[in-house]
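Here this note's numbering is used: the first residue of the sequence shown is 151, the next is one more, and so on.
Structure first, then comments.
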Amino acid sequence: MAEGKIDASLALRSEGRLLVGRDRVKLLEAVAAHGSITKAAKAVGFSYKAAWDAVNAINNLLPTPAFITKAGGRSGGGAEVTEEGRRLIATFHRLEEKLARISETIAEEGLAGAEDFLLWTTGMTISARNVFRAEVTQVKKWPVDVEVTLRVSEKDTILAIVTNESAERLGLTRGRKALALIKASFVNLAPAGDATPLQRNCFRGVVTQRIDAERNSEILLDVGFGKTMTAVTPRHLVEDMGLKEGDAALATFDAADVILAVE
């Protein structure tokens with residue numbers, strides 16, 4: 151019997167940023183306990199911005215928000231964890247318990263029989279800021295490629311274009327659950343009035359955060375239903391639009407720039 155102990159952890163990452171993991175589940179638990187994002191962040195050692203980044207990333211991966219805010223703003227408002235968020239917390243803890251039991255077995259008996267488990271429990275690194283859990287609602291096959299429509303919320307869909315080979319390999323059929331990933335640098339910003347009636351992959355939202363660097367600006371849009379869209383775009387374009395927090399704007403991207411992943 152091996153004397154060592156294996157500590158298995160469950161995590162999903164995007165561009166080096168943790169989406170769902172032990173610390174972020176603790177943050178949700180702290181929000182549930184304190185009813186405040188500020189108090190919850192302080193309780194678990196997060197900065198205020200890091201706490202918001204965490205809950206926004208989690209909300210994008212769930213069909214309905216895990217976290218919602220109440221009126222009052224940063225200083226006077228409150229926050230609460232939804233039923234969806236409580237299910238996430240409970241499910242995460244059940245998975246951790248299962249991982250712990252399997253880790254103990256591996257420590258005692260070695261890796262025999264555990265290879266398949268290790269393949270899907272290994273942390274995933276994804277080169278995209280925008281990660282949405284979605285459901286395939288339509289698949290149109292053409293001679294060269296396939297148009298895939300995915301529902302990400304009650305009002306928004308994403309159109310992705312993949313090759314026929316990729317569609318077959320991923321098993322993309324109506325009702326299939328998938329992750330839709332879009333790099334922030336592929337997201338274009340435009341004034342809220344520039345949308346055309348038939349434009350696809352056009353998300354209307356409100357700027358909740360603008361961070362300027364020397365060359366680029368990072369814009370975070372609240373697109374409704376607990377979902378957020380991040381764009382990294384040249385700073386001079388943002389300044390030309392006069393885009394600031396609280397303004398309405400459009401986030402658009404090309405269907406060919408959407409990456410699809412399935413379990």
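Built from N, CA and C at the ideal position, the CB exists for glycine as well.
Per DSSP, the unbroken beta strand (DSSP E) holding Ala340 starts and ends at Asn338 to Pro341. Here the alpha carbon of Leu211 sits roughly 20 Å from the alpha carbon of Ala180.
Boundaries of the alpha helix (DSSP H) harbouring Ser316: Asn314 to Leu320, taken from the DSSP string.
Val294 counts as exposed, since fewer than 16 other C-beta atoms from the protein chains shown sit within 10 angstroms of its C-beta. Ranking Glu230, Lys333, Thr188 and Leu410 by CA distance to the CA of Leu309 puts Leu410 first. In the DSSP secondary-structure assignment, Glu297 is bridged to Lys290 and Ile311. In this structure Arg319 is exposed. Its beta-carbon is surrounded by fewer than 16 other beta-carbon atoms within 10 angstroms. For the beta strand (DSSP E) assignment, the uninterrupted runs of no fewer than 3 residues enclosed by the segment 379-403 are, from N- to C-terminal side, 398-402. The shortest C-alpha to C-alpha distance from Arg172 to any of Arg326, Ala183 and Ile208 is the one to Ile208. Judged by their CB atoms, Thr219 and Ala229 are nearer to each other than the 8 Å cut-off. Take the alpha-carbon of Arg360 and the one of Gln349: they are about 25 Å apart. When DSSP assignments are scanned along the segment 194-245, the uninterrupted stretches of beta strand (DSSP E) that are 3 or more residues long and fall wholly within it turn out to be 217-219 and 229-231.
By the Cβ-count criterion, Lys290 is exposed, with fewer than 16 other Cβ atoms from all chains shown falling within 10 Å of its own Cβ. With the rule of 3 Cβ pairs closer than 8 Å, the segment 391-408 does not count as touching the segment 233-248.
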